[in-house]
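2 protein chains.
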Amino acid sequence: MTKRFAVILAGGKGERFWPLSTAEHPKQFLSLIGEKNLLAQAVERLEGVVDTSCIYVITSSELAEVARRSAPELPPENIIGEPVGRDTAAAIALGAALVARQDPEGVMAVLTADHIIGDLECFRSTLRDAMDLAHSENLLLTIGVKPSFPSTGYGYIQTGEHLADAPAGTVFDRAKRFVEKPDAVTAQQYLKEGSYYWNSGMFIWSAASITRAFQAFRPPLYEMICALNAAADRRDFDQTFERIYEGLEKISIDYAVMERAENVGMARGVFAWDDVGSWPALDNHFTHDDAGNVVIGDGVTLEASDNIIYSKDRLTAVIGLSDVMVVQADGVTLVCPKDQAQQIKELVQRLRQDARYARLT
Amino acid sequence: MTKRFAVILAGGKGERFWPLSTAEHPKQFLSLIGEKNLLAQAVERLEGVVDTSCIYVITSSELAEVARRSAPELPPENIIGEPVGRDTAAAIALGAALVARQDPEGVMAVLTADHIIGDLECFRSTLRDAMDLAHSENLLLTIGVKPSFPSTGYGYIQTGEHLADAPAGTVFDRAKRFVEKPDAVTAQQYLKEGSYYWNSGMFIWSAASITRAFQAFRPPLYEMICALNAAADRRDFDQTFERIYEGLEKISIDYAVMERAENVGMARGVFAWDDVGSWPALDNHFTHDDAGNVVIGDGVTLEASDNIIYSKDRLTAVIGLSDVMVVQADGVTLVCPKDQAQQIKELVQRLRQDARYARLT
Numbered sequence: 002m003t004k005r006f007a008v009i010l011a012g013g014k015g016e017r018f019w020p021l022s023t024a025e026h027p028k029q030f031l032s033l034i035g036e037k038n039l040l041a042q043a044v045e046r047l048e049g050v051v052d053t054s055c056i057y058v059i060t061s062s063e064l065a066e067v068a069r070r071s072a073p074e075l076p077p078e079n080i081i082g083e084p085v086g087r088d089t090a091a092a093i094a095l096g097a098a099l100v101a102r103q104d105p106e107g108v109m110a111v112l113t114a115d116h117i118i119g120d121l122e123c124f125r126s127t128l129r130d131a132m133d134l135a136h137s138e139n140l141l142l143t144i145g146v147k148p149s150f151p152s153t154g155y156g157y158i159q160t161g162e163h164l165a166d167a168p169a170g171t172v173f174d175r176a177k178r179f180v181e182k183p184d185a186v187t188a189q190q191y192l193k194e195g196s197y198y199w200n201s202g203m204f205i206w207s208a209a210s211i212t213r214a215f216q217a218f219r220p221p222l223y224e225m226i227c228a229l230n231a232a233a234d235r236r237d238f239d240q241t242f243e244r245i246y247e248g249l250e251k252i253s254i255d256y257a258v259m260e261r262a263e264n265v266g267m268a269r270g271v272f273a274w275d276d277v278g279s280w281p282a283l284d285n286h287f288t289h290d291d292a293g294n295v296v297i298g299d300g301v302t303l304e305a306s307d308n309i310i311y312s313k314d315r316l317t318a319v320i321g322l323s324d325v326m327v328v329q330a331d332g333v334t335l336v337c338p339k340d341q342a343q344q345i346k347e348l349v350q351r352l353r354q355d356a357r358y359a360r361l362t
Numbered sequence: 002m003t004k005r006f007a008v009i010l011a012g013g014k015g016e017r018f019w020p021l022s023t024a025e026h027p028k029q030f031l032s033l034i035g036e037k038n039l040l041a042q043a044v045e046r047l048e049g050v051v052d053t054s055c056i057y058v059i060t061s062s063e064l065a066e067v068a069r070r071s072a073p074e075l076p077p078e079n080i081i082g083e084p085v086g087r088d089t090a091a092a093i094a095l096g097a098a099l100v101a102r103q104d105p106e107g108v109m110a111v112l113t114a115d116h117i118i119g120d121l122e123c124f125r126s127t128l129r130d131a132m133d134l135a136h137s138e139n140l141l142l143t144i145g146v147k148p149s150f151p152s153t154g155y156g157y158i159q160t161g162e163h164l165a166d167a168p169a170g171t172v173f174d175r176a177k178r179f180v181e182k183p184d185a186v187t188a189q190q191y192l193k194e195g196s197y198y199w200n201s202g203m204f205i206w207s208a209a210s211i212t213r214a215f216q217a218f219r220p221p222l223y224e225m226i227c228a229l230n231a232a233a234d235r236r237d238f239d240q241t242f243e244r245i246y247e248g249l250e251k252i253s254i255d256y257a258v259m260e261r262a263e264n265v266g267m268a269r270g271v272f273a274w275d276d277v278g279s280w281p282a283l284d285n286h287f288t289h290d291d292a293g294n295v296v297i298g299d300g301v302t303l304e305a306s307d308n309i310i311y312s313k314d315r316l317t318a319v320i321g322l323s324d325v326m327v328v329q330a331d332g333v334t335l336v337c338p339k340d341q342a343q344q345i346k347e348l349v350q351r352l353r354q355d356a357r358y359a360r361l362t
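As given, the protein sequences belong to chains S and B, one line each in that order. In this text, residue positions in the first sequence follow our numbering: the first is 2, and each later residue adds one. In this text, residue positions in the second sequence follow our numbering: the first is 2, and each later residue adds one.
And the structure:
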């Protein structure tokens, strides 16, 4: 049996869950849902699928230490800090080099640290089936999640011909087309049509397959893998890595490879999945009071409905407002309508220009 | 010249400025506007008009100590804690008894601790003129404030025949009618009509005149004044006071006396005046940013206009909301549309039923 690896992408700048998430403590290190933080949950989810010695975490160099503390069961050297962020293609190429160093025949799952996944056993068997198929058929696999509602917040994958049914039950189709986040009407059509799946951003392939794909479509990433392999046991590995990495372009794996390669398949994920992209996503993970408010911590409302109150260290009182979120963090309160949550990022970037707010962002 | 006294009413339960104001620290002890708290400002305003030994403060027994600390220039015994709140008529009768004990011929101004007054010299000369006239003509005077906008938040006084022009310039009219807070259309008519003034709740009369008015219209209050005079130097003064006070009805001075007596006049107040009744009133006392937001303390906004942010100990960020106030106090955050500020009282009363929130309300 081929050796299984996982590469967990745990970058992220802590903007969308501000003020709880900050540059020093981004979303993947928050315990928003569940007791463990999201990275720890991502590692725990691999139990029984990937040995801890074969799990790599790629994060920014600033966050490597907090990642090590969050996942103490992993060998510390398996947690790699990128000197600079270069989007997913570069991080995945780095992961492929690390996997190939342990086992050139290895098969790897690329996962992200900030997902919430229900039905753990279903998720694990999907991963196992996908790893087996990717290895035996030289496929670049992604996991599509069966949509439960017409989300406009996710990209979609349109499936093509049927590829395989794994013994444990996972169904694989050819991935025909990757599409961007749709508008509401289009999302409704996708849901009705039935052949569209949410693009989860999880991938499964052998280190050799993805390396060949980089060779074909993104030579600089292929060259990095070769250079890192060549430098693997040399003293100048870190310098080589940093020098090459900084010179890379920023490009996502979808653009770099998935939309170009021919051997792309999709596993149908039928487990509950949420990328918890922003505060309003919490609505799906907590119980609501009779007026539709989600109160996490200490909140009171009067003639207020469908709000999200996150208030663990103080009392938050909301009167007469609807569809607003109030988030309390250490030293900061954010008040924002749910449907304007995407603006938080802009505000945080503005605040980061101001030295007074350095500690708070 | 007759001796001048002032009785400052400083009750108040700390509901309308919650969470900054609490039962233990109500509005009159807040420095909402200006550096000194409102009671201290009320005392300071009397400089040059009333000697500090002749200024009395009537508050609740729970608040007497904080009142003494707020007004250290007053003799401590001039700050009286009511055993129970019995509305303004009872507090004023108590004040009249205290004044009469020092000087039965004394003339007194009844003021409240929670007003903001501009044009201090104008205010002081209005007071002096009113004290002189009340004494010489046996009048029960109130101060009406010339409306600067069609407020629906104040009661009004309709003026009748002209009574007097004081040498220092204050104009006095007969107070023909006291009217409740009007609706917007009526308030507009009042403003246009010109003979309506805001009922400021400030009164000027001699101790003897108001005592006679109580004798005529509210005998129990007259009897209290007599009993307190009789007990003035007795050891059982405090017990007598408490026993009688608890038995009194709750009634405002407007209902008890002003709307019944014949000898009621009004001084035209032409100074800036605001009773700072609730959070939205702060709009009138602070500068606004380009989007109309008032930010007191540390606040940032993004696509948000006409909000009030009161945030002295933390950063408050408001995105995409208008006409909302966000108030930060120790351990509590309140978020409420400006036009629903009257609901704060209800929320506070509800929270006070809950032992968990005792410290916060």
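Virtual Cβ for every residue (Gly too), placed ideally from N, Cα, C.
Burial of S/Gly96 is indicated by the presence of at least 16 other C-beta atoms within 10 angstroms of its C-beta.
Ranked by how close their Cα comes to the Cα of B/Thr212, the residues B/Glu66, B/Asp290, B/Leu40 and B/Asn139 have B/Asn139 in first place.
Proximity of chain S to B/Glu347 at the Cβ level (cut-off 7 Å) is accounted for by Leu303, in chain order.
Across the stretch 321-352 of chain S, CB contacts with chain B closer than 8 Å involve Gly321, Leu322, Val325, Val327, Gln329, Gly332, Val333, Thr334, Leu335, Val336, Cys337, Pro338, Gln341, Gln344, Ile345, Glu347, Leu348, Arg351 and Leu352, in sequence order along the chain. In the displayed model, B/Phe218 falls within a helix according to three-state DSSP. Within chain B, the residues placing a beta-carbon under 8 Å from that of S/Arg315 are Gly332, Val333 and Thr334, ordered along the chain. For B/Cys123, the uninterrupted alpha helix (DSSP H) run begins and ends at Leu121 to Glu138, by DSSP. Taking a cut-off of 8 Å on C-beta distances, the stretch 203-218 of chain S touches the stretch 132-147 of chain S, as three or more cross pairs fall below it.
Interface criterion not met: the Cβ of S/Tyr311 is under 8 Å from no Cβ in chain B. Boundaries around S/Ser201 are those of the beta strand (DSSP E), Tyr197 to Ser207, since no alpha helix (DSSP H) includes it. A contact between stretches requires three or more CB pairs, one per stretch, nearer than 8 Å, and the stretch 90-110 of chain S meets this requirement with the stretch 213-229 of chain S.
Here S/His163 is exposed. Its C-beta has fewer than 16 other C-beta atoms within 10 Å. If you draw a straight line from the Cα of S/Gly49 to the Cα of S/Gly82, it is about 26 Å long.
Measuring C-alpha to C-alpha distances from S/Asn264 to each of S/His116, S/Lys177, S/Ser201 and S/Glu106 identifies S/Lys177 as the nearest. In this structure, the straight-line span from the alpha carbon of S/Ala273 to that of B/Gly154 is close to 54 Å. Put simply, the backbone Cα of S/Leu47 is about 37 Å away from that of S/Val336. Secondary structure of S/Gly96 (DSSP, three-state): helix. Restricted to the stretch 150-201 of chain S, the alpha helix (DSSP H) segments that are unbroken, complete and at least 4 residues in length are 185-194, listed in chain order. Contiguous beta strand (DSSP E) elements confined to the stretch 244-295 of chain B occur at 265-270, taking only those with 3 or more residues. Secondary structure within the stretch 307-360 of chain B: the alpha helix (DSSP H) runs of 4 or more consecutive residues, fully enclosed, are 345-352 (chain order).
Excluding the 5 residues flanking it on each side, S/Ile117 has same chain C-beta neighbours closer than 6 Å at Ile34, Asp275 and Val277, in chain order.
If you check the CB distance, B/Gly13 and B/Asp115 come in under 8 Å. Spatial neighbours of B/Asp234 in its own chain (CB-CB distance under 7 Å, excluding positions within 5 residues in sequence) are not present. Non-local C-beta neighbours of S/Gly300 in its own chain, meaning closer than 8 Å and more than five positions away in sequence, comprise Asn294, Ile310, Ser312, Leu316, Thr317, Ala318, Val319 and Val327, ordered along the chain. Taking the CA atoms as reference points, S/Val146 sits about 17 Å from S/Ala165. Between B/Ala68 and B/Ala11, the C-beta spacing is below 8 Å. One thing to note: B/Val85 has its Cβ within 8 Å of the Cβ of B/Glu247. When DSSP states are grouped into helix, strand and coil, B/Asp88 belongs to the helix group. When DSSP states are grouped into helix, strand and coil, S/Ala7 belongs to the strand group. Listed along chain S, the residues sitting closer than 7 Å to B/Leu361 by beta-carbon distance are Leu316. For S/Val295, no Cβ of chain B is located within less than 8 Å of the residue's own Cβ. Against chain S, a Cβ distance below 7 Å from B/Val319 picks out Val336. For the set B/Ala257, B/Ala232 and B/Thr187, the Cα lying nearest the Cα of B/Ala214 is the one of B/Ala257. When B/Thr60, B/Ala232, B/Leu40 and B/Asp314 are compared, the shortest CA-CA separation from B/Ala101 is found for B/Ala232. Interface with chain B (8 Å Cβ-Cβ cutoff): S/Tyr358 is included.
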